[in-house]
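Scroll down for the structure; my scribbles are underneath it.
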Amino acid sequence: MKRTLAILAALLGVALFVSLLAGSSDLSIGAAFRALSQGPAGASLDSGIVWNVRLPRTLVVALVGGALAAAGGAFQALFRNPMADPSLLGIASGGSLAAVLVLFHLPQAPIWILPLAAFCGCFGAAFLLVALTHFGGRPTMTITLLTGVVLSSLFTSGVSLALLLSDEYQLRQLVFWLAGGAEARGWIHVAIALPSMLAGFAILLSVGRWLDALALGEDHAEAVGVPVYRARLVVLAGGALSVGAAVSVCGPVGFVGLIVPHLLRPWVGASAKALLPSSALGGAVLLVVADFVARVWLPAGIQLGVLTSLLGVPFFLWLLVRERRTML
Amino acid sequence: MKQPLVLDDLRFAVRDKILLDDIRAELPPGSMTAVVGPNGAGKSTLLKAISATLHGWTGSVTLEGRDVRKWPRPELACRMAYLPQFRPVAVPLSVEDLVAMGRFPHLGAWKPLRKSDRDAIESAMERMEIAYLRDRDATTLSGGELQRTFLARCLAQGSPLLLLDEPLTGLDIGHQLALLEILEGLAAEGKTILWSVHDLRLAAEHARDAWLLDRGRLTRRGPIDEVLASPEARTAFGVEMRRADDGSWRFARG
Chain W
9 MKRTLAILAA LLGVALFVSL LAGSSDLSIG AAFRALSQGP AGASLDSGIV WNVRLPRTLV
69 VALVGGALAA AGGAFQALFR NPMADPSLLG IASGGSLAAV LVLFHLPQAP IWILPLAAFC
129 GCFGAAFLLV ALTHFGGRPT MTITLLTGVV LSSLFTSGVS LALLLSDEYQ LRQLVFWLAG
189 GAEARGWIHV AIALPSMLAG FAILLSVGRW LDALALGEDH AEAVGVPVYR ARLVVLAGGA
249 LSVGAAVSVC GPVGFVGLIV PHLLRPWVGA SAKALLPSSA LGGAVLLVVA DFVARVWLPA
309 GIQLGVLTSL LGVPFFLWLL VRERRTML
Chain B
6 MKQPLVLDDL RFAVRDKILL DDIRAELPPG SMTAVVGPNG AGKSTLLKAI SATLHGWTGS
66 VTLEGRDVRK WPRPELACRM AYLPQFRPVA VPLSVEDLVA MGRFPHLGAW KPLRKSDRDA
126 IESAMERMEI AYLRDRDATT LSGGELQRTF LARCLAQGSP LLLLDEPLTG LDIGHQLALL
186 EILEGLAAEG KTILWSVHDL RLAAEHARDA WLLDRGRLTR RGPIDEVLAS PEARTAFGVE
246 MRRADDGSWR FARG
């Protein structure tokens, strides 16, 4: 496990650095090093590009990938469902709806309003999920999952409605945001996302033991002393912190949370203490690479979120065929 | 376990289907009691209720003076190890990780394994003869190996009360006898064991006491020989059971 983590960390370092090289103007490796070493206050044009444009953007992308993948791994264990991911439960789509409403009603709002609204939307969706399922009873995990799916389609309908009601110009903006991407993201977005993501990740990691026990079923988890009801709330809260932060700065980027844990399980096993950190690193690598590809090699219209979906679906189908036995 | 486990007026129904009906019993410390009864009599439901993994039943199950539903979950798990009947493993956890879960109630969510925890895990794996499987992915185990892995988890838990739902199912005869020997050894050490079982021959040879369940009612309890030979057992199973002169059991339908 330590070796896998080291390899992933090294990969992430390389991916982050390479992502600094290309863009509207290409930098050589040496130039990129020089620009980096000059620090954020560097006077050269290269240093400005690296420190003010490319580095924050690629960091945002890495953080989003890591947060989504870790949350995906945690949700898959919590719901004992290989298809569970941050968008399945309506958490991400709650964020989308909130963001769309802001774009729709407050087009002139300051730059930080949109991420804040998306974050609140994600949290509102998670809260609604808990309130609906836990009010007056003890829901089974299946009920929580199904309620999440229903909420998700409700929010998606809300988004569609907003799209239908918007004019040409708004429509373009809404669609752009909904495609998910890191266009023009800066340090402010890093600052918005990082604390919440770290908190969410720490929460998920701290209940790793509970997640492992829950993956074997609720009665088994209870038999080894896991307070199942509280564990579910804690995991939902940790997941909402991570996913909310991710959606708030990048919009809905699909499939990272679904695929990365599946990719890594054969290597690191299913134990949360190994799976969550390696998923975080792996998700960061995957998304930085995808963003690089979308930014540098693909036509301008193909946003990060579109690319992950385009690549994610066939890849996931391939995984399904290869591992028909057990997916989790 | 120093005081008996006391079941009083335990009832459970799903809609109007009564699954457990007015169950009253005491399980004295150090006893090894088999729960017997035909399919659907409520054996698993009873064990789930006692382990507080079933919700919505009425009456009381008292462990050390406190209702099992009032115990904080980890503290309950330190006192009672429960083996559920269905043991699905959908995730590639290693055998050792799975057995280590028995120590979770002692450690909570955070604390790292101590030496005493490692020893408990190790001796549980050795007792269940799965130490050589420790690094195996649990999804690749055979039914019997998986069964022994879960039993090792229960043993590693170190609780004075063991609730085992069909612990013999899926094991070959050699491992069945080995497990029964282990359970007898544990009972001799003072552990209290309540286990459900289908194989009445094995139960008769190894359990001292039995509870007979028939359609949700506890119709007879006592030494297993008496329970099996009782008219209540005949009603429950529709089978006449008697001990032959050579000591072996004879079963005849009717």
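So the sequence lines, in the order shown, correspond to chains W and B. The number in the numbering used here is simply the position in the first sequence, starting from 1, with 8 added. The number in the numbering used here is simply the position in the second sequence, starting from 1, with 5 added. Glycine residues also receive a C-beta, built at the ideal position from the N, C-alpha and C atoms. Just so we're clear, the structure is a prediction, and the values are computed from it rather than from any experiment.
Cβ neighbours of residue i in the same chain (closer than 8 Å, five flanking residues each side left out)
{"i": "TRP254 (chain B)", "result": "LEU205, ARG206, ALA209, LEU233, MET246, ARG247 and ARG248"}
{"i": "THR154 (chain B)", "result": "VAL100, LEU103, VAL104, MET133, ILE135, LEU138, ALA143 and LEU146"}
{"i": "ALA17 (chain W)", "result": "LEU289"}
{"i": "ASP219 (chain B)", "result": "GLY42, PRO43, ALA46, GLU237, THR240 and ALA241"}
Beta-carbon contacts of residue i that lie in its chain and below 7 Å, excluding the five residues immediately before and after
{"i": "GLY313 (chain W)", "result": "ALA187, GLY188, GLY189, GLY259, PRO260, VAL261 and GLY262"}
{"i": "ASP170 (chain B)", "result": "SER49, LEU52, LEU88, PRO89, GLN90 and SER201"}
{"i": "GLY38 (chain W)", "result": "none"}
{"i": "PRO172 (chain B)", "result": "LEU88, LEU156, LEU184 and TRP200"}
{"i": "VAL68 (chain W)", "result": "ALA190, ARG193, HIS197, VAL198, ALA201, VAL257 and CYS258"}
{"i": "CYS83 (chain B)", "result": "PRO110, HIS111 and SER164"}
{"i": "ILE229 (chain B)", "result": "ALA39, ALA208, ALA209, ALA212, ARG213, ASP214 and ALA215"}
The ligand GDP heavy atom lying under 6 Å from the CB of residue i
{"i": "SER65 (chain B)", "result": "You won't find the ligand GDP in this model; it holds no ligand whatsoever."}
Buried or exposed (CB count within 10 angstroms, at least 16 for buried), residue i
{"i": "TYR137 (chain B)", "result": "exposed"}
{"i": "PHE17 (chain B)", "result": "buried"}
{"i": "LEU325 (chain W)", "result": "exposed"}
{"i": "PRO33 (chain B)", "result": "exposed"}
{"i": "LEU173 (chain W)", "result": "exposed"}
{"i": "LEU336 (chain W)", "result": "Since pLDDT at LEU336 (chain W) reaches only 45, below the 50 mark, its modelled position is unreliable, and no value is offered."}
{"i": "ARG29 (chain B)", "result": "exposed"}
{"i": "THR150 (chain W)", "result": "exposed"}
{"i": "THR63 (chain B)", "result": "exposed"}
{"i": "ASP124 (chain B)", "result": "exposed"}
Among the options, the one whose alpha carbon lies nearest that of residue i
{"i": "LEU159 (chain W)", "options": "W:VAL251, W:ILE99 and W:VAL268", "result": "W:ILE99"}
{"i": "SER36 (chain B)", "options": "B:ASP230, B:VAL202, B:ILE229 and B:THR197", "result": "B:THR197"}
{"i": "THR148 (chain W)", "options": "B:ARG239, B:ALA39, B:GLY42 and B:HIS60", "result": "B:HIS60"}
{"i": "VAL7 (chain W)", "options": "W:ALA14, W:ALA23 and W:GLY31", "result": "With chain W covering only 9 through 336, there is no way to say anything about residue 7 (chain W)."}
{"i": "ILE187 (chain B)", "options": "B:SER128, B:ARG226, B:ASP230 and B:GLU231", "result": "B:SER128"}
{"i": "GLN112 (chain W)", "options": "W:MET205, W:ALA292, W:ASP175 and W:LEU272", "result": "Residue identity check: residue 112 (chain W) is Phe in the sequence provided, not Gln. When only C-alpha atoms are compared, the closest one is W:ASP175."}
{"i": "ALA212 (chain B)", "options": "B:ARG220, B:HIS203 and B:TRP76", "result": "B:HIS203"}
{"i": "GLU189 (chain B)", "options": "B:THR38, B:ASP13 and B:ASP21", "result": "B:THR38"}
{"i": "LEU76 (chain W)", "options": "W:LEU19, W:PRO203, W:VAL58 and W:GLY208", "result": "W:GLY208"}
{"i": "ASP14 (chain B)", "options": "B:GLU231, B:ARG220 and B:LEU25", "result": "B:LEU25"}
{"i": "SER33 (chain W)", "options": "W:LEU53, W:LEU20, W:GLY265 and W:ALA125", "result": "W:LEU53"}
{"i": "LEU284 (chain W)", "options": "W:ALA210, W:GLY129 and W:TRP59", "result": "W:ALA210"}
Cβ-based neighbour list, residue i, same chain, cut-off 6 Å, excluding 5 preceding and 5 following
{"i": "TRP195 (chain W)", "result": "PRO64"}
{"i": "ALA92 (chain W)", "result": "PHE83 and GLN84"}
{"i": "SER101 (chain W)", "result": "SER160, PHE163 and THR164"}
{"i": "VAL167 (chain W)", "result": "SER104, LEU105 and VAL108"}
{"i": "MET130 (chain B)", "result": "VAL104, ALA136 and ALA157"}
{"i": "ALA23 (chain W)", "result": "VAL293, VAL296 and VAL297"}
{"i": "THR152 (chain W)", "result": "THR141"}
{"i": "ALA126 (chain W)", "result": "GLY103, ALA106, ALA107, VAL255 and SER256"}
Closer than 7 Å to chain C by CB, residue i
{"i": "ALA79 (chain W)", "result": "The question asks about chain C, but that chain is absent: this structure's protein chains are W and B."}
*Cβ-based contacts, 9 Å cut-off: residues of the region 208–221 of chain W near chain B*: Among the residues of the region 208–221 of chain W, those with a Cβ less than 9 Å away from any Cβ of chain B are SER214, VAL215, GLY216, ARG217, TRP218, ASP220 and ALA221, in the order of the chain.
*Enumerated in chain order, which unbroken segments of the alpha helix (DSSP H) with a length of 4 residues or greater are wholly contained in the region 150–212 of chain W?*
Whole alpha helix (DSSP H) segments, 4+ residues: 176–187.
*Inside the region 195–220 of chain B only - beta strand (DSSP E) runs reaching at least 3 residues*: Fully enclosed beta strand (DSSP E) runs of 3 or longer: 197–201 and 214–219.
*Tell me the start and end of each unbroken alpha helix (DSSP H) in the region 213–270 of chain W that is at least 4 residues and wholly inside, in chain order.*
Taking only runs of at least 4 residues, the alpha helix (DSSP H) segments lying wholly in the region 213–270 of chain W are 216–222, 226–231 and 236–258.
*Compile a chain-ordered list of the residues in the region 227–250 of chain W whose CB is closer than 7 Å to at least one CB of chain B.*
Residues of the region 227–250 of chain W whose Cβ lies closer than 7 Å to any Cβ of chain B, in chain order: ASP227, HIS228, GLU230, ALA231, VAL232, GLY233, VAL234 and PRO235.
*asked:* Quick check for students: name the residue ranges of the alpha helix (DSSP H) that lie wholly in the region 100–148 of chain B, counting only runs of 4 or more.
replied: The qualifying runs are 100–105, 109–112 and 120–132.
*Interface positions of the region 151–165 of chain W facing chain B (Cβ-Cβ less than 9 Å), listed along the chain*: Answer set for the region 151–165 of chain W: empty.
*asked:* Which residues of the region 84–97 of chain B have a Cβ closer than 8 Å to any Cβ of chain W? Give them in chain order.
replied: Within the region 84–97 of chain B, the residues whose Cβ lies closer than 8 Å to some Cβ of chain W are ALA86, TYR87, LEU88, PRO89, PHE91, ARG92, PRO93, VAL94, ALA95, VAL96 and PRO97, listed in chain order.
*Quick one, which residues of the region 133–150 of chain B are near chain W if we go by CB-CB under 8 Å, in chain order?*
Shown in chain order are the members of the region 133–150 of chain B whose Cβ falls below 8 Å from a Cβ of chain W: ASP142 and THR144.
*For the region 99–116 of chain B, enumerate the residues whose C-beta is nearer than 7 Å to any C-beta of chain W, in chain order.*
Hits within the stretch, in order: SER99, ASP102, MET106, GLY107, PHE109, PRO110, ALA114 and TRP115.
*Select from the region 35–62 of chain B all residues with a C-beta closer than 9 Å to any C-beta belonging to chain W, and list them in chain order.*
For the region 35–62 of chain B, the set of positions with a beta-carbon nearer than 9 Å to some beta-carbon of chain W reads LYS53, SER56, ALA57, THR58, LEU59, HIS60 and GLY61 in chain order.
*May I ask you to list, following chain order, the residues of the region 157–181 of chain B that have a beta carbon less than 9 Å from some beta carbon of chain W?*
Answer in chain order: ARG158, CYS159, GLN162 and LEU168.
*According to a CB-to-CB cut-off of less than 7 Å, which residues of the region 278–300 of chain W neighbour chain B?*
So the close ones are ALA278 and SER279.
*Return the residues of the region 64–78 of chain B that lie within a Cβ-Cβ distance of less than 9 Å from chain W, sorted by chain order.*
Across the region 64–78 of chain B, CB contacts with chain W closer than 9 Å involve PRO77 and ARG78, in sequence order along the chain.
*Segments of 3+ residues assigned as beta strand (DSSP E) that fall wholly inside the region 215–249 of chain B*: The region 215–249 of chain B contains these whole beta strand (DSSP E) runs: 222–228 and 244–248.
*Cβ-based contacts, 9 Å cut-off: residues of the region 254–279 of chain W near chain B*: In summary, the residues of the region 254–279 of chain W whose CB is separated from some CB of chain B by less than 9 Å are ARG273, PRO274, GLY277, ALA278 and SER279, in the order they occur in the chain.
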